[in-house]
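Visitor: Under the working numbering, think of the first position of the sequence shown as 1, with each following residue one higher.
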Amino acid sequence: MKTIYCIGELLIDFVAENQGSDLSKADVFTKKPGGAPANVACAIAKLGGKSKFVGCIGYDPFGTFLLSVLKDNDVDTSLTQRSKTFTTLAYVSIAEDGERDFVFSRGADKKLKYDSAIKKDFKDNMVHLGAATALLGGGLEEAYSRYLFDALTQKAFISFDPNFRSDLWKNEEKTFIKKCVPFIEKAHLCKFSLEEAYLLSGEKELEKACAVLHEIGTQVITITLGKEGTLIST
């Protein structure tokens, strides 16, 4: 069985109990494990697959909680690093107008250190690059790019999910697009939301967006369409 290496952030989501108000009015929160690559790793394991999580959490109670969640879901944590920096936190509420109120406190996820020893393990396996924070700088961004190169040289199957979060890229969308291009070029499969497909292609029609994204380099495109399902383009 192939191993799927999921690289990126693992964090705590604090979700406001009283939805319909902004964070300034929230006083009760529910602690939930979060981080897109970690979610993928757990889903793979639950479906009977073999997944390893590559990321960094803090030496604090939140980091310990997150590590236990991965282990409880049968995710291999042997490549999960820990840092003296606090575990990354996100605070989320939905205001009355439906807009998401979001505060992000970035911590240990950016401290991930590249590990050259992992390279050989990529051979003939799968590497999933689906972090929302990986292109925001820090050690994680450097490691992310180097693991992409390692996956290529080891002939691993590469999947990429840009995981665009507008809250994290306000007025910096052009920078986000530029940083995503090398991953779209080299990934065998890319997963986009409709918003991401339009943003990264510069197009407003689905068919044209797919054409542009294929031209950049990816072989297989999946675009999630909510209740309408998922579009697959090859």
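Glycine included, C-beta positions come from ideal geometry on N, C-alpha and C.
Note that this is a predicted model, so its numbers are computed, not measured.
1. Write down every uninterrupted run of the beta strand (DSSP E) in the region 62-141 whose length is 3 residues or greater and which is fully enclosed by it, in chain order.
2. For PHE160, report the span of its beta strand (DSSP E) as first-last.
3. Alpha carbon to alpha carbon, how far is ALA43 from VAL75?
4. For a quick check, are the C-beta atoms of SER83 and LYS111 less than 8 Å apart?
5. Taking C-alpha atoms, which residue in LEU148, PHE104, LEU11 and THR133 lies nearest to TYR59?
6. Taking the C-alpha atoms as reference points, what is the distance between ILE94 and ASP27?
7. Under the rule that 16 or more other beta-carbon atoms within 10 Å means buried, what is GLU173, buried or exposed?
8. May I ask you to list the residues that DSSP assigns as paired with CYS180?
9. Of the choices PHE104, GLU96 and TYR147, whose alpha-carbon is the least far from that of LYS123?
10. Counting Cβ pairs closer than 8 Å, one from the region 208-219 and one from the region 179-198, do we hit at least three?
11. Could you work out which residue in ALA187, LYS119, SER233 and ILE184 is closest to VAL54 when comparing CA atoms only?
12. To the nearest angstrom, how far is the alpha carbon of ALA90 from that of SER145?
13. Identify which residue in GLU185, GLY217, TYR5 and ASP109 has its Cα closest to the Cα of GLY49.
14. Three-state secondary structure (DSSP) at GLY20?
Guide: Here's the rundown:
1. 81-83, 89-94, 100-105 and 126-129
2. 157-160
3. 9 Å
4. yes
5. LEU11
6. 14 Å
7. exposed
8. None; CYS180 has no bridge partner.
9. TYR147
10. yes
11. LYS119
12. 24 Å
13. TYR5
14. strand
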